[in-house]
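To keep things clear, I will list the structure first and then write my remarks on it.
Residue numbers (the numbering used here): 5 to 147.
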């Protein structure tokens with residue numbers, strides 16, 4: 005188990021330290037969002053999404069639980085997998101969610117999946133992330 009990566013990830017997110025996340029990700033990570041069918045891919049884009057989430061989207065973000073075991077990745081391989089359960093506020097709405105972190109053989113984050121509820125939270129997060137990615141010049145303004 006590569007708990008150190010997950011512990012460092014959790015510390016960085018709870019401290020809103022987006023810059024500390026870079027070394028924790030595999031060279032070509034994939035981020036599966038609840039609002040977009042295709043994943044965000046590549047280190048620059050995935051780290052950009054985290055910058056937006058930590059600096060522009062979530063208020064009162066905190067992890068409230070953690071589970072770990074083995075689960076199949078999107079690519080079909082068994083991976084060291086960790087669930088971090090969180091609560092936060094987005095646009096004044098209380099949300100509840102789960103981060104699924106799947107590590108590669110080097111102990112780096114290869115796949116990251118977010119699930120949130122309720123549906124209104126998914127909508128609010130989608131709008132805020134899109135606006136943030138445009139503001140960070142990671143997406144063109146016409147998308």
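Ideal Cβ positions, reconstructed from N, Cα and C, are used throughout, including at glycine.
The structure displayed is predicted, hence computed values, not measured ones.
Using CA coordinates, which residue listed in the options is at the minimum distance from residue i?
i: residue 105; options: 134, 74, 128 and 91; result: 74
i: residue 116; options: 21, 88, 130 and 122; result: 88
i: residue 108; options: 29, 68 and 95; result: 29
i: residue 58; options: 121, 103 and 19; result: 19
i: residue 40; options: 140, 77 and 130; result: 130
i: residue 70; options: 76, 138, 134 and 10; result: 10
i: residue 43; options: 140, 79 and 26; result: 79
i: residue 113; options: 22, 27 and 21; result: 27
i: residue 94; options: 86, 81, 65 and 77; result: 65
i: residue 31; options: 21, 51, 14 and 13; result: 51
Buried or exposed for residue i, going by 16 or more other Cβ atoms inside 10 Å?
i: residue 37; result: buried
i: residue 145; result: exposed
i: residue 92; result: buried
i: residue 123; result: exposed
i: residue 33; result: buried
i: residue 133; result: buried
i: residue 141; result: exposed
i: residue 125; result: buried
Near residue i, which residues of its chain fall below 6 Å by C-beta distance, leaving aside the five closest residues on each side in sequence?
i: residue 24; result: 16
i: residue 127; result: none
i: residue 99; result: 92, 120 and 125
Can you tell me whether DSSP reads residue i as helix, strand or coil?
i: residue 137; result: helix
i: residue 27; result: helix
i: residue 79; result: coil
i: residue 55; result: helix
i: residue 128; result: helix
i: residue 20; result: coil
i: residue 5; result: With a pLDDT of 47 at residue 5, under the threshold of 50, the modelled position of this residue cannot be trusted; read the value that follows with caution. If DSSP states are grouped into helix, strand and coil, residue 5 belongs with coil.
i: residue 65; result: strand
i: residue 42; result: coil
i: residue 142; result: coil
Which same chain residues, not among the five before or five after residue i, have their C-beta less than 7 Å away from its C-beta?
i: residue 136; result: 56, 60 and 61
i: residue 149; result: The chain is shown only over 5 to 147; residue 149 falls outside these bounds and no answer can be derived.
Spatial neighbours of residue i within its chain, please: CB distance less than 8 Å, with the 5 preceding and 5 following residues excluded, ordered by chain position.
i: residue 143; result: 134 and 137
i: residue 68; result: 89, 90 and 91
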